[in-house]
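Okay, so here's the structure we're looking at.
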Amino acid sequence: VDVQEHPHSANRMHIQMRLSAGVRIARLLVLPVVLSAIACVADRVPRGSEPANHEVAPSVESPLGTAPDKGRPRIVVLGDSLTAGLGLAADQTFPAHLQTMVAVAGQPYEIVNAGVSGDTTAGGLRRLEWSLAGNIHVLIVALGANDGMRGLPVDAMKANLGEIIRSAQTRGALVLLTGMEAPPNMGLAYTEEFRRAFSELAEENDVAFVPFLLDGVAGRVELNQGDGIHPNPEGAAKIANLLWPTLVSLLDNSAVQ
């Protein structure tokens, strides 16, 4: 992986990762398996449709039931089962690993795991006001996997993510957007449009960007649970390591609100 930084403005660190052709091919081979499990935790719905009633309360996979410390600056991770940590203890999720890294770095931030298993970008948008409560400094947006698995319209996904990003920015929060890949069986046109949506959102909204949340984890047996799909503690730690350089750049180049 060749990591390049493109500072298009003084307030953002835009990380572009150029993957080799071989890595892209390998990714396409493992993604159908990886993304199918993400959908396993969601309601079974027809392709191209959203559940009729998807108002989501805090789930057992997420520590959202705990009231935040309103005086402490927060980094909120808005995501699905990959964020919630399906099959993991609360202290084994990648947001928990990020919390450890923040503490070791001497940063004052509270990492909030706002992951809900099975959530789509529409679901994340519906619960956004609750997720943005408190003194939020950074929003990490890790949604889209279930949109791709269900074959939901890319323009709708992009609109949802755009509204999430702009709502956070209106509150004065910085945003780190993570990309996802759609299963190849959705067709080349769909998968390319899906992938492109994330990079376009990052460019259009001037936010930090990590192109693929599961880069280096997807398809690796030693980094996933027994189902071969959801990251184990080591895989979750690798996701945290992937996000950390971009996150710490945001923190180092901004004052605590």
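When the count follows the UniProt record's numbering, it moves up by one through the sequence shown with no breaks and lands on 257 for the last residue.
In this text, a Cβ means the ideal position worked out from N, Cα and C, and glycines have one as well.
Determine the DSSP secondary structure at residue i, reduced to helix, strand or coil.
{"i": "His97", "result": "helix"}
{"i": "Ala89", "result": "coil"}
{"i": "Gln107", "result": "coil"}
{"i": "Arg127", "result": "coil"}
{"i": "Thr120", "result": "coil"}
{"i": "Pro153", "result": "coil"}
{"i": "Ser254", "result": "coil"}
{"i": "Asn135", "result": "coil"}
{"i": "Arg171", "result": "coil"}
{"i": "Gly162", "result": "helix"}
{"i": "Gly71", "result": "coil"}
{"i": "Ala84", "result": "helix"}
Quick one: what's residue i bridged to in DSSP?
{"i": "Ile140", "result": "Val77, Leu176"}
{"i": "Val112", "result": "Val76"}
Have a look at residue i and residue j and give me their C-alpha separation to the nearest angstrom.
{"i": "Leu250", "j": "Leu176", "result": "8 Å"}
{"i": "Gly85", "j": "Asp91", "result": "9 Å"}
{"i": "Pro183", "j": "Arg195", "result": "11 Å"}
{"i": "Ala240", "j": "Leu125", "result": "23 Å"}
{"i": "Lys158", "j": "Gly144", "result": "9 Å"}
{"i": "Arg74", "j": "Ala114", "result": "12 Å"}
{"i": "Glu203", "j": "Asn224", "result": "32 Å"}
{"i": "Arg166", "j": "Val141", "result": "12 Å"}
{"i": "Asn174", "j": "Leu139", "result": "Reading off the sequence shown, one finds Leu at residue 174, where the question assumed Asn. Rounded to the nearest angstrom, the two C-alpha atoms are 6 Å apart."}
{"i": "Leu82", "j": "Ser131", "result": "17 Å"}
{"i": "Met186", "j": "Gly151", "result": "7 Å"}
{"i": "Ile229", "j": "Ala218", "result": "7 Å"}
{"i": "residue 281", "j": "Leu214", "result": "Lying before the first or after the last residue shown, residue 281 is absent from the chain, which here runs from 1 to 257."}
{"i": "Gly216", "j": "Phe94", "result": "14 Å"}
{"i": "Ala103", "j": "Pro233", "result": "19 Å"}
{"i": "residue 328", "j": "Asp147", "result": "Residue coverage of the chain in this structure runs from 1 to 257, which leaves residue 328 outside it and unanswerable."}
{"i": "Leu78", "j": "Glu129", "result": "11 Å"}
{"i": "Ala168", "j": "Phe209", "result": "15 Å"}
{"i": "Arg220", "j": "Lys238", "result": "11 Å"}
{"i": "Ala189", "j": "Ala105", "result": "43 Å"}
{"i": "Asp252", "j": "Gly172", "result": "16 Å"}
{"i": "residue 293", "j": "Met149", "result": "Outside the displayed range of the chain (1 to 257) lies residue 293, so it cannot be described from this structure."}
{"i": "Asn160", "j": "Thr120", "result": "9 Å"}
{"i": "Met17", "j": "Gln107", "result": "Low confidence applies to Met17: its pLDDT is 41, below 50, so where it sits in the model is not reliable, and the reading given next is rough at best. When rounded, the distance between both Cα atoms is 26 Å."}
{"i": "Thr170", "j": "Val207", "result": "13 Å"}
In terms of alpha-carbon separation, which member of the options lies closest to residue i?
{"i": "Asp227", "options": "Leu88, Arg74, Val76, Ala189", "result": "Leu88"}
{"i": "Gly118", "options": "Gly216, Pro245, Asp80", "result": "Asp80"}
{"i": "Gly71", "options": "Gly134, Pro95, Glu129", "result": "Gly134"}
{"i": "Glu243", "options": "Pro211, Ala168, Asn205, Glu234", "result": "One point to set straight first is that residue 243 is Leu, not Glu, in the sequence displayed. Minimum Cα distance to Leu243 is reached at Pro211."}
{"i": "Phe198", "options": "Ala168, Val154, Lys238, Arg171", "result": "Val154"}
{"i": "Glu193", "options": "Glu163, Ala156, Asp215, Ala208", "result": "Ala156"}
{"i": "Ala122", "options": "Asp215, Gly162, Ala236", "result": "Gly162"}
{"i": "Ile111", "options": "Asn253, Ala189, Leu247", "result": "Leu247"}
{"i": "His97", "options": "Val76, Ala236, Ser254", "result": "Ala236"}
{"i": "His137", "options": "Tyr109, Val104, Val102", "result": "Tyr109"}
{"i": "Leu201", "options": "Gly172, Thr178, Val221", "result": "Thr178"}
(request) Please list the segments of the alpha helix (DSSP H) lying wholly inside the segment 175 to 242, counting only runs of 4 or more residues, in order along the chain. (result) Fully enclosed alpha helix (DSSP H) runs of 4 or longer: 188 to 205.
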